[in-house]
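**Q** Heads up: the protein sequence lines correspond to chains A and B, in order. Under this note's numbering, the first residue of the first sequence carries the number 272, and numbering increases by one thereafter. Under this note's numbering, the first residue of the second sequence carries the number 272, and numbering increases by one thereafter. Think of the CB as a built atom: it goes at the ideal place given N, C-alpha and C, for glycine as much as any other residue. The structure under discussion is supplied below as structure tokens; questions concerning it will follow.
2 protein chains.
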Amino acid sequence: MERTDVNTLGEFGLIEHLTRDFPLRQPSTIKGVGDDAAVIDNGGLCTVVSTDMLVEGIHFDLAYVPLKHLGYKSVVVNLSDIYAMNAFPRQITVSIAISNRFSVEALDELYAGIRAACDTYGVDLVGGDTSSSPKGLTISVTAIGQCEKEKLVYRSGAKAGDLICITGDLGGAYLGLQLLEREKRIWQENPGVQPDLEGQKYAIGRQLKPEARKDMIETFRQNGLKPTAMIDVSDGLAS
Amino acid sequence: MERTDVNTLGEFGLIEHLTRDFPLRQPSTIKGVGDDAAVIDNGGLCTVVSTDMLVEGIHFDLAYVPLKHLGYKSVVVNLSDIYAMNAFPRQITVSIAISNRFSVEALDELYAGIRAACDTYGVDLVGGDTSSSPKGLTISVTAIGQCEKEKLVYRSGAKAGDLICITGDLGGAYLGLQLLEREKRIWQENPGVQPDLEGQKYAIGRQLKPEARKDMIETFRQNGLKPTAMIDVSDGLAS
């Protein structure tokens with residue numbers, strides 16, 4: 272049997288490959304795969320849905336990511352996708368798979384971070400799943416938002432001549448990651464050394480405790496502005 | 272620092288422990304944690320949301336579970352939760368984390384099963400996430416349904432004197448699992464032996480290709496029936 276390595280397609284190529292044959296049949300499906308979030312028509316307000324999975328050893332390294340920060344970030348990255356549709360997140364579900372090295376106290380830390388994100392952004396935790404895992408921690412968050420149909424902003428709305436604006440500092444979180452990885456290497460070579468992150472608070476903060484741009488969407492609403500298109504570039508500008 | 276083993280709480284005790292301090296603040300949140308699915312008010316139809324995570328080595332064993340069946344089942348177990356609210360599933364999101372032992376062809380098999388479930392139940396795949404994993408396969412599915420608010424059926428509606436009815440054959444899937452595990456043990460001890468599953472098609476089918484009871488909910492609607500309470504017992508009668 273043929274064996275094609277997944278890496279030959281890349282993440283977005285793989286998603287495109289796996290989902291290209293799925294038809295959209297439900298009249299309520301306004302937008303399926305291919306934007307920051309899916310959009311569902313309910314007669315009243317539209318439901319906007321986005322989901323992300325964070326895997327230990329791939330998306331985070333518990334050597335330098337505190338569990339509370341991880342919980343916060345795992346929620347915020349999903350809320351960011353809802354805001355990128357010009358919608359407001361209202362609810363989240365959180366599923367976790369954990370190996371037996373995680374204690375209840377460790378999970379309490381994780382959920383304290385999830386709770387902090389719920390408090391900051393005013394969203395409700397409404398469901399989820401907890402499961403064992405043979406190894407490591409996996410977190411899957413689904414964010415659910417609401418929006419009037421006419422206020423939704425899609426990636427596809429962009430057209431030639433549009434002004435392109437970016438919020439935040441591109442590369443900030445990446446720089447923070449480089450600093451944390453550097454300090455981890457130094458610490459591994461010499462466990463007596465304390466990490467030197469003096470003066471790097473901003474970049475480290477962008478990596479460990481990013482925020483979603485709720486403020487921008489609120490500003491748009493207050494000023495009656497509607498961008499022609501929006502995209503969440505927190506996965507990287509080239510994504 | 273204190274270290275409480277997660278197993279002391281049990282799955283449902285753990286969910287209760289982790290989510291007990293989360294307030295519900297959104298006026299649109301009708302039902303949060305504690306039923307088969309969460310319920311969100313949109314002005315028009317309500318959105319019903321449920322999510323489940325399946326982890327290799329915990330929920331399935333690829334020694335005897337074909338990937339196509341796994342894809343089918345991972346969708347169906349979520350749809351079952353939506354039907355258990357007396358609602359109809361309309362959309363799903365599917366997130367997967369995969370180690371490098373999975374080829375594109377293997378994922379195509381998995382998604383063929385997901386597609387078959389979408390076809391059978393008429394739901395749309397509208398989003399998801401794909402990620403690397405250091406080890407094994409994890410699948411997280413979120414199902415999204417719709418329902419008129421007055422037709423929703425909660426667990427909490429049950430009262431003394433109600434007639435209790437069960438659909439399907441309790442223990443069928445468990446028996447199928449026992450048979451598959453037995454044949455796996457025999458095969459491990461003697462790789463030359465072919466599995467003997469003759470005459471066990473029904474029990475094996477309940478384990479490898481379960482169905483959600485869409486037919487029951489349709490029957491309720493056609494006959495103007497509304498149960499006082501419903502619960503999905505496919506996790507086990509005691510769950």
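B:Val365 by DSSP, collapsed to three states: which one?
**A** In the second sequence, the residue the question calls residue 365 of chain B occupies position 94. Correct three-state label for B:Val365: strand.
**Q** With a threshold of 16 other CB atoms inside 10 Å of the CB of A:Asp332, please say whether the residue is buried or exposed.
**A** Reading the first sequence from its first residue, position 61 is the one you call residue 332 of chain A. Per the 10 Å Cβ criterion, exposed.
**Q** As a quick exercise: from B:Pro294, B:Lys406 and B:Val346, pick the residue whose alpha carbon is nearest that of A:Gly326.
**A** Position 55 of the first sequence, counted from the start, is the residue given in the question as residue 326 of chain A. What sits at residue 326 of chain A in the sequence shown is Val, not Gly. Looking at the Cα atoms, B:Lys406 is the closest of the given residues.
**Q** Going residue by residue through the segment 423 to 507 of chain A, where are the continuous alpha helix (DSSP H) segments of at least 4 residues, counting only ones entirely within it?
**A** 443 to 460, 472 to 479 and 485 to 493
**Q** Between which residues of its own chain and A:Lys339 is the CB-CB distance below 6 Å, once the five residues before and five after are set aside?
**A** Reading the first sequence from its first residue, position 68 is the one you call residue 339 of chain A. Excluding its 5 nearest sequence neighbours in each direction, A:Lys339 has C-beta neighbours in its own chain below 6 Å: Glu380, Ala383 and Gly384, listed in chain order.
**Q** I'd like to know whether the C-beta of B:Met501 is nearer than 7 Å to at least one C-beta of chain A.
**A** For the purposes of this step, residue 501 of chain B is taken as residue 230 along the second sequence, with counting starting at 1. B:Met501 does not count as touching chain A.
**Q** Identify, in the order they occur along the chain, each residue of the same chain with its Cβ nearer than 6 Å to the Cβ of B:Ser351, setting aside the five sequence neighbours on each side.
**A** Looking up residue 351 of chain B in the second sequence gives position 80. Excluding positions up to five away in sequence, the list reads Ala483, Asp503 and Ser505.
**Q** Just to confirm before moving on: does the CB-CB distance between A:Lys455 and A:Ala368 stay below 7 Å?
**A** Indexing the first sequence from 1 puts residue 455 of chain A at position 184. Indexing the first sequence from 1 puts residue 368 of chain A at position 97. No, these two residues do not count as a Cβ contact at 7 Å.
**Q** Determine the burial state of A:Phe359: buried for a count of at least 16 other Cβ atoms within 10 Å of its Cβ, exposed for fewer.
**A** The residue you call residue 359 of chain A lines up with position 88 of the first sequence. Label assigned to A:Phe359: buried.
**Q** Taking only beta carbons into account, state which residues of the segment 314 to 330 of chain B come closer than 9 Å to chain A, listed in chain order.
**A** Answer in chain order: Gly314, Gly315, Leu316, Cys317, Thr318, Val320, Ser321, Thr322, Asp323, Met324, Leu325, Val326, Glu327, Gly328, Ile329 and His330.
**Q** Can you look up B:Ser403 in the DSSP assignment and give me helix, strand or coil?
**A** Position 132 of the second sequence, counted from the first residue, corresponds to residue 403 of chain B. B:Ser403 falls in the strand class under three-state DSSP.
**Q** At the 7 Å Cβ level, is A:Ile286 part of the contact set with chain B, yes or no?
**A** Translated into the one-based positions of the first sequence, residue 286 of chain A becomes position 15. Closer than 7 Å to some Cβ of chain B, the Cβ of A:Ile286 qualifies, so yes.
**Q** Would you mind sorting A:Ala473 into buried or exposed? The rule is 16 or more other CB atoms within 10 Å of its CB.
**A** One-based indexing of the first sequence puts residue 473 of chain A at position 202. Looking at the sequence shown, residue 473 of chain A is not Ala but Tyr. So A:Tyr473 ends up on the exposed side.
**Q** Between A:Leu396 and chain B, is any beta-carbon pair separated by less than 7 Å?
**A** Residue numbering aside, residue 396 of chain A sits at position 125 when the first sequence is read from its first letter. So, interface residue.
**Q** With 9 Å as the C-beta to C-beta threshold (strictly closer), list the residues of the segment 405 to 420 of chain B near chain A in chain order.
**A** Pro405, Lys406, Gly407, Thr409, Ser411, Thr413, Ile415 and Gln417
**Q** Output the residue ranges of the beta strand (DSSP E) runs that lie fully inside the segment 284 to 316 of chain A and measure 3 residues or longer, sorted by chain position.
**A** 300 to 302 and 309 to 311
**Q** Considering only the beta carbon of each residue, do A:Leu396 and A:Ile363 sit closer than 7 Å?
**A** Taking the first sequence and counting its residues from 1, the one referred to as residue 396 of chain A is at position 125. Taking the first sequence and counting its residues from 1, the one referred to as residue 363 of chain A is at position 92. Contact: yes.
**Q** For B:Thr490, count neighbouring C-beta atoms within 10 Å of its own C-beta (all shown protein chains included) and say buried if the count is 16 or more, exposed if not.
**A** Numbered from 1 along the second sequence, position 219 holds the residue referred to as residue 490 of chain B. With fewer than 16 Cβ atoms within 10 Å of its Cβ, B:Thr490 is classed as exposed.
**Q** With respect to the alpha helix (DSSP H) encompassing A:Ser345, which residues constitute its N-terminal and C-terminal limits?
**A** Locating residue 345 of chain A in the first sequence gives position 74, where the first residue counts as 1. Unbroken alpha helix (DSSP H) run through A:Ser345: Leu338 to Tyr354.
**Q** Are B:Gln514 and B:Leu508 closer than 7 Å when you measure CB to CB?
**A** No answer is possible for residue 514 of chain B: the residues shown for chain B start at 272 and end at 510.
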